[in-house]
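In this note's numbering, the protein residues as written are 34 to 208.
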């Protein structure tokens, strides 16, 4: 990725760890990054195995006061955010500033629905995962562990896609 004002990355079909490492490096270099459609990110391994891994993560908490302990985000955007945070020295000023340059969303919210969305070829599932290997969607895992807004995001996305399709048809007629 070259240095631009803001890079909007479409999360659909990317492997979460590979995408996170690329984004973390860009953030540390000073690039502003926005990731949309986090619910369509993928993770290698079967759905059941990944669900068990997440439930094992949910069991980890501070014994005396769980309110102090590790916070277990259920939303796909927050899962990606936490993955990226783990790849950045987030307790230093440099790391905090890098994390402030990151925005993550489920779906494609209004300011970014009209901008060009990029992909990271080194993180695409179709290019990195051998055909036949199992993979799971972060959105589905999130729904299983307590994310309540999957249906809302889906409804808003269908509305956005319809609007986008009508705009595209009108644009095609002009040409």
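Glycine included, each C-beta is placed from N, C-alpha and C at the ideal position. None of the values given here were measured: they were computed from a predicted structure.
Buried or exposed by the 16-neighbour rule on C-beta atoms within 10 Å, applied to residue i
i	result
residue 96	exposed
residue 197	exposed
residue 130	exposed
residue 75	buried
residue 210	Outside the shown range of the chain, which is 34 to 208, sits residue 210, and nothing can be said about it.
residue 47	buried
residue 155	exposed
residue 110	buried
residue 52	buried
residue 203	exposed
Inter-residue spacing [alpha-carbon to alpha-carbon] between residue i and residue j
i	j	result
residue 121	residue 164	31 Å
residue 150	residue 40	8 Å
residue 90	residue 63	31 Å
residue 188	residue 116	27 Å
residue 88	residue 82	10 Å
residue 194	residue 142	12 Å
residue 205	residue 140	25 Å
residue 128	residue 199	42 Å
Proximity of residue i and residue j at Cβ, strictly below 8 Å
i	j	result
residue 70	residue 38	no
residue 49	residue 171	yes
residue 185	residue 72	no
residue 179	residue 107	yes
residue 60	residue 135	yes
residue 166	residue 54	no
residue 42	residue 145	no
residue 176	residue 168	no
| Minimum length 3: unbroken beta strand (DSSP E) runs contained in the segment 124–185 | Secondary structure remark: continuous beta strand (DSSP E) runs of at least 3 residues inside the segment 124–185, in chain order: 135–137 and 168–170.
| query | Quick one: complete beta strand (DSSP E) runs, 3+ long, within the segment 49–111? | reply | 65–69 and 75–77
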